[in-house]
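For reference, the structure is listed below as structure tokens.
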Amino acid sequence: MSETPLIQDLAERARALALETSFVVRAPAGSGKTDLLTRRLLKLLAAVDEPEEILAITFTRAATAEMRSRVLHHLEKAAHSSNESLVSAEDERLTLARAALANSERRGWRLLEQPHRLNIETIDSLCLRIAHAQPRLSRLGGQLNPTERGTALYAQAARQTLGRLGGGNAALNESLIHLLELRDNNLPDCEALLSGMLAQRDQWVRAFPLANFRDDEADWDLTRSHLEAPFRRAVKSTLSDAHELLMAEPLLAQQLLELANYACANGNAKVALLAGVKSLPSPDALPVEHWRCLSDFLLTLEGEWRKRVQVTEGFPPGSAGSESKRAKDAMTSLLSRFAQMPDLLAALRAIRGLPKPRYDEDQWRTLRHLFTALRHAVAELRVIFAEQNAVDFTELGIAARAVLSDEEAGPDRLLALSGNIRHLLIDEFQDTSRSQHELVRRLVRAWDEGDDRTCFLVGDPMQSIYMFRQAEVELFYRVESEGLLSEDHCVACEPLQLSTNFRSHAGLTERWNDIFAAVFGERSEGSTVAVPFSPSFAAELAMQGDAVHIHPQIIGAADRRPTPEEKQHAHQQEAQQILDIIERHLPAIERAEENGEEYRVAVLVRARQHLAEIVRLLRERAIPFRAVELETLAERQELLDLLSLTRALLHPMDRIAWLSVLRAPWCGLRLADLHLLTGRDDRDQKRIPMLDLIERHLPLLETEPRRRASRVVEILKQAMASRFVGLHAASFSQWIERTWRSLGGPECVDAAGYENAHVYFRMLDAIAPDGLACLTEDFESELARLFAQPDPTVSERAGVQLMTIHKAKGLGFDVVVVPGLDRKPASDRQSLIVSLEQTDPDGNDEMLVAPIGSKGGEKHPTYAWVQRQRDLRVDEERKRLLYVACTRARRELHLLGTATMTASGLQPGDRKSLLCAAWPAVQQEFAAAMQAAQAATENLLPFPEPVATEAGLELAAAAQSTPALKLRRLKNIADTRPDLKNVTVTGTNRPDPLAAAEFARPEGTRRARIIGSTVHALLDAASGGAGSASLRQRAHLLLRAAAFSGKALQEAVQEAVAAVENSLRDPHGSWILRQRADAESEASWTGYFEGALQTLRADRVFNAGAEPLSDGSGFTWIVDYKHSDPSGKPVADFLTHQREQYAPQLARYAGALRAIRGNHLRFRFGLYYPRIPRLDWWAED
19 MSETPLIQDL
29 AERARALALE
39 TSFVVRAPAG
49 SGKTDLLTRR
59 LLKLLAAVDE
69 PEEILAITFT
79 RAATAEMRSR
89 VLHHLEKAAH
99 SSNESLVSAE
109 DERLTLARAA
119 LANSERRGWR
129 LLEQPHRLNI
139 ETIDSLCLRI
149 AHAQPRLSRL
159 GGQLNPTERG
169 TALYAQAARQ
179 TLGRLGGGNA
189 ALNESLIHLL
199 ELRDNNLPDC
209 EALLSGMLAQ
219 RDQWVRAFPL
229 ANFRDDEADW
239 DLTRSHLEAP
249 FRRAVKSTLS
259 DAHELLMAEP
269 LLAQQLLELA
279 NYACANGNAK
289 VALLAGVKSL
299 PSPDALPVEH
309 WRCLSDFLLT
319 LEGEWRKRVQ
329 VTEGFPPGSA
339 GSESKRAKDA
349 MTSLLSRFAQ
359 MPDLLAALRA
369 IRGLPKPRYD
379 EDQWRTLRHL
389 FTALRHAVAE
399 LRVIFAEQNA
409 VDFTELGIAA
419 RAVLSDEEAG
429 PDRLLALSGN
439 IRHLLIDEFQ
449 DTSRSQHELV
459 RRLVRAWDEG
469 DDRTCFLVGD
479 PMQSIYMFRQ
489 AEVELFYRVE
499 SEGLLSEDHC
509 VACEPLQLST
519 NFRSHAGLTE
529 RWNDIFAAVF
539 GERSEGSTVA
549 VPFSPSFAAE
559 LAMQGDAVHI
569 HPQIIGAADR
579 RPTPEEKQHA
589 HQQEAQQILD
599 IIERHLPAIE
609 RAEENGEEYR
619 VAVLVRARQH
629 LAEIVRLLRE
639 RAIPFRAVEL
649 ETLAERQELL
659 DLLSLTRALL
669 HPMDRIAWLS
679 VLRAPWCGLR
689 LADLHLLTGR
699 DDRDQKRIPM
709 LDLIERHLPL
719 LETEPRRRAS
729 RVVEILKQAM
739 ASRFVGLHAA
749 SFSQWIERTW
759 RSLGGPECVD
769 AAGYENAHVY
779 FRMLDAIAPD
789 GLACLTEDFE
799 SELARLFAQP
809 DPTVSERAGV
819 QLMTIHKAKG
829 LGFDVVVVPG
839 LDRKPASDRQ
849 SLIVSLEQTD
859 PDGNDEMLVA
869 PIGSKGGEKH
879 PTYAWVQRQR
889 DLRVDEERKR
899 LLYVACTRAR
909 RELHLLGTAT
919 MTASGLQPGD
929 RKSLLCAAWP
939 AVQQEFAAAM
949 QAAQAATENL
959 LPFPEPVATE
969 AGLELAAAAQ
979 STPALKLRRL
989 KNIADTRPDL
999 KNVTVTGTNR
1009 PDPLAAAEFA
1019 RPEGTRRARI
1029 IGSTVHALLD
1039 AASGGAGSAS
1049 LRQRAHLLLR
1059 AAAFSGKALQ
1069 EAVQEAVAAV
1079 ENSLRDPHGS
1089 WILRQRADAE
1099 SEASWTGYFE
1109 GALQTLRADR
1119 VFNAGAEPLS
1129 DGSGFTWIVD
1139 YKHSDPSGKP
1149 VADFLTHQRE
1159 QYAPQLARYA
1169 GALRAIRGNH
1179 LRFRFGLYYP
1189 RIPRLDWWAE
1199 D
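For any residue, its number in this note's numbering is found by taking its place in the sequence shown, counting from 1, and adding 18.
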């Protein structure tokens, strides 16, 4: 066990609160960057004139909510605590919060009453605000609604662009014809490629600007020269390096050319271009093809130095003393000398992969046609945005940058456009793309030096894992070295490095420091791709035992490749190891659940398909788990059944849909029964509508299946007859849901399946009453993009969670398991144009662009070179992905992977795997495991060969037992809708005539009652720690079930959620809803009270001090929630009337509790009004 480490970066953390200085802060995993941002924001609130002068930017809504919650929590705590109540760990936060509140009071901000004045938002929200504020400059007319589901819009735009083929635009016609020729006239392929490019247009649109392009040859020539410049620069740089290395030994360079001429004269056609070259000229004078000849002359196909030369290389055999013998010996000696120059080997390898300095004419023609098609596709997309009143976040970013790029605006105008911000804070700065970086630069371009404006940029380059979103970690280092450059202005940022880890204990961090120092390696000077490793030091002592566990497996052998059976067995063994790890922690999870504490075991994978075997084992062992965005809705059986039901109701001839409805659990017919119902493949009956066909053949079924099928048919006939009748007539979604419930759908699914069904119904809310959109490919695509909901019965605080590494970023878990280190992710689809933005040696942005080749053909060298530049960045990001996965752990980390034994030794497998990235650090553990396995094998005696046996018995013994398929059916199908009278407990027992009259609650309107009940349910969920997204989803479910739909549904959801959010922001509300070990929500007691058997239910019961906001446990508080409000009446009169009305009921609750728990209880009563918000409380008489 290590000694308690000191917080080594206290000075840096204190320095970060200097408000007169701009900073860029490196904050490794677990270092408390959100807390640091919160402290600086609180301190700024005490110094600014208006809270809107501070802008805090995050990249996710969850991060925004977390930062806002922390700021408000500290402000509320400061408002309700005295100076004497400070504790050391909170001193600074409360001091900063008090100063902020004092400034708020002086200036009349009323921050706690108006928290919306805290300017904390996502970067997408910022772009939306800027674009909507300036519709003329942003060119976004109206109030377009942002959508996260842009894929369908991109596909529609691509489809409409291809639909222009044969139209009046000759240039577009020619371009589309060229695209189709490239892709073998495959329209779906062309549509997918165009759609993919529209999704990425934020990147390539800067290489090919859409505005002010005249489409003449001068513009095209200028564009071509601009796009070719990076290739010319790369060729020149690589050739200059090789030239410099060779000319460092001029005699060797001279001898090399002489021997190349000799080889050329003796039949080596590969060096024919070097014939007649007597000396090595400057890099510019010798074309790149000549340099490739030199590379091929010296290196093998594998890129290694040649060991010997033969007649095929132009060196025929010869006797001692002959010219051929002398030439061959000279070449061998030269290769030996060059082999001692490793930098030269790297330079020659780089020459082999160089692109051409210019596009060839075919490639440029393709690129020009593609840009023409894309320009029209973007125009189509913008028309679709306008038609559907929607816009994606990429368009918002483009529009916001256009607003901030107004060249006619002066400094004052630019400051107004940016919101007059004086202090800019950005979280997760390592995840900024070049487009977002440009937006930030334009936000600060009107700042003058010395006007007390600051930037505070916090991030961790080691956690930059979003290259697929165009995040570029090199921008972080660029700001560190140069500051935020904006035209003629620069905001210099002082670098700070944090090093203390508050999440994990020393047993983890000490091992990580060793592992990732080896994984990241040394960063070469001038590299913009690699990220150096920064060690961290835990603020918590190491726990007993090993914290990092590596579980290696070895497959294959030196003389053979591993078989598919070996690989499958390794995956099964790995899943079993994970199951064993989880089962060891189940007691700790159960204890945490009982005590209301947190204990989570997370299985983090790179791709969701890597969890298939693990999920199967967990379900077999009945171990509950939460799968976070891992399973798509389209893969869930309950959704397949619902989709079949929808299609069957819409299409009377959809045979597969109708048969699937009869096969679903609410009916459960066998395949033989379905065959009978469809006429036994009778061709004459194929044109009969399915409902008629089924009814015609029902008598052929046996009694039980006929009863089941008849019930389903009757329900479907009633559904179709009443489709446009009654309360649900205008809602296609509610029609489908009502039919599903009538069939017994809710009884056929578990809690997770029920949640997934409601996700489907919410998706149907956007469908027109005719429902025809459900039969389109767009609907199927949208369904495939939605994820199944996590099991709601599994706690978010204690239990097993399965998710991808990307989804786990920013989270922490007690135990982290990372399986499948040896597996690689699915390959990315080839892009229409491969591109990469990078910084040139002069610090300017440049774009590498290469077009796709013909389908089935070889990749063009330029396309392949640009792809390799991207792959170099992906290789480095893979190391960071492993770092993110490991640093989620608080107590234990388990790494599982499978290495392969080959003829050249133990290998980590695929180059794109995490195990390959981790190999420098874990190779010894795998080698030790292999040696242990070999030693164990050597001690085994060979099993004697069996005597002759019957082949059938041998096969039977070797066969694996396969569980029989089970047909799921709804039990007691005839009783799904009980014909019983609904009675209450009190209704079966006559109360004592002398007892107090039954308390009567006012009815109010139906809408008010339902929303009030929904608010009660949401407050109950909030007291259990449910987040904002979960509350909104639950409100939607409850109100939908109460027949709300359309605009009325959205308004009701907003009203209910707003009431709960008011409560959470209100100090009294958050105090009431605080999680306590002894607190109860919707507490219910049944027994004989006041002479009658009654069931009483209180909204919230908990122990606390004698007054609101006080701690302690001496008094039992009984609080009921009331959704009513004064409605224009004086608040005091309203509260008095409400207390008079409801005080007797709360007194009855107290009497019940005394009867159950004893007469020693002391009570406080309260009525809480979420809509105001206000707590009216009183003591017991």
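Every residue gets a Cβ at the ideal spot worked out from N, C-alpha and C, and that includes glycine. Fair warning: this is a prediction, and the values are worked out from it, not measured in the lab.
Asked	Found
What are the boundary residues of the alpha helix (DSSP H) that TRP753 is part of?	750-761
Secondary structure at THR1004, three-state DSSP: helix, strand or coil?	Below a pLDDT of 50, predicted positions are generally treated as unreliable, and THR1004, at 34, falls in that range; no measurement from the model is reported.
What beta strand (DSSP E) runs, 3 residues minimum, are completely inside the segment 548-617?	566-574
Count the other CB atoms within 10 Å of the CB of THR994; is the residue buried (16 or more) or exposed (fewer)?	Legend: pLDDT at THR994 = 43, less than 50; position of this residue unreliable, value from coordinates given subsequently. THR994 should be labelled buried.
In the DSSP output, which residue or residues are listed as bridge partners for GLY915?	PRO570
Between the segment 677-686 and the segment 831-839, do three or more beta carbon pairs fall short of 8 Å?	no
So is PHE333 buried or exposed if we call it buried at 16+ other beta carbons inside 10 Å?	buried
By the three-class DSSP mapping on this structure, what secondary structure does ALA1018 have?	Low per-residue confidence applies at ALA1018: pLDDT is 39, beneath 50, and the placement is therefore not dependable, though the value from the model is reported in the following sentence. DSSP places ALA1018 in coil when its eight states are reduced to three.
Measure the Cβ-Cβ separation of VAL884 and ALA868 and say whether it is below 8 Å.	yes
How would you label ASN774, buried or exposed, when you count the other beta carbons within 10 angstroms and need 16 or more for buried?	buried
May I ask you to list the residues that DSSP assigns as paired with GLY923?	THR920
What first and last residue would you give for the alpha helix (DSSP H) that runs through TRP1089?	1085-1091
Would the beta-carbon of ALA935 fall within 8 Å of that of VAL623?	no
ASP109: which of ASP863, PHE41, ARG124 and LEU93 sits nearest, CA to CA?	LEU93
Suppose you measure from the CA of SER678 to the CA of LEU663; what does that come to, to the nearest Å?	8 Å
Got a sec? Which residues, its chain only, sit under 7 Å from THR390 by beta carbon, not counting five neighbours each side?	ALA189, LEU190 and SER193
Whose C-beta lies closer than 8 Å to the C-beta of GLY970 among residues of the same chain, with five residues either side of it excluded?	At GLY970 the pLDDT is 45, less than 50, meaning the model places this residue with poor confidence and gives no usable figure here.
Considering Cα atoms alone, identify which of SER845, ALA770 and GLN887 is closest to MET865.	GLN887
On the DSSP letters alone, give me the boundaries of the alpha helix (DSSP H) that THR811 sits inside.	THR811 -> no alpha helix (DSSP H), and no H or E assigned at all.
Go ahead and label ARG634 buried or exposed: buried means 16 or more other beta carbons lie within 10 angstroms of its beta carbon, across all protein chains shown.	exposed
Can you list, in chain order, the residues of its chain with a C-beta nearer than 8 Å to that of LEU205? Leave out the 5 residues immediately preceding and following it.	LEU180 and LEU198
Output the boundary residues of the alpha helix (DSSP H) element that contains PRO723.	721-739
Would you call the segment 908-922 and the segment 396-413 in contact, with 3 or more CB pairs under 8 Å?	no
Taking the continuous beta strand (DSSP E) assigned at MET85, which residues delimit it?	MET85 -> not in any beta strand (DSSP E); alpha helix (DSSP H) instead, spanning 79-97.
Should ASP361 be labelled buried (16 or more other beta-carbon atoms within 10 Å of its own) or exposed?	exposed
Starting from the C-beta of VAL462, find all residues in its chain whose C-beta is less than 8 Å away, skip the five residues before and the five after it, and write them out in chain order.	SER436, LEU442, ARG471, CYS473, LEU502, SER504, HIS507 and VAL509
On the CB-based measure, 16 or more other CB atoms within 10 Å of its CB, does ARG896 come out buried or exposed?	buried
Do GLN595 and HIS569 have their C-beta atoms closer together than 8 Å?	yes
From LEU240 to ARG626, what does the alpha carbon distance come to, in whole angstroms?	45 Å
So what does DSSP say about ILE439, is it helix, strand or coil?	coil
Would you decide whether PHE486 is buried or exposed? Buried here means 16 or more other CB atoms lie within 10 Å of its CB.	exposed
Where does the unbroken beta strand (DSSP E) through ALA816 begin, and where does it stop?	816-822
My output table needs one value for PRO1011: the three-state DSSP class, helix, strand or coil.	At PRO1011, the pLDDT of 36 sits below 50, so the modelled position is not reliable and the matter cannot be decided from this model.
How is GLN448 classed by DSSP in three states: helix, strand or coil?	helix
Whole-angstrom Cβ separation of GLU566 and LEU526, contact assumed at under 8 Å?	Here residue 566 is Val; the residue named in the question, Glu, does not match the sequence. VAL566 to LEU526, Cβ: 7 Å. Contact.
Please confirm whether LEU651 has its beta-carbon closer than 8 Å to some beta-carbon of chain D.	Among the chains of the structure shown, chain D does not appear; only one protein chain is present.
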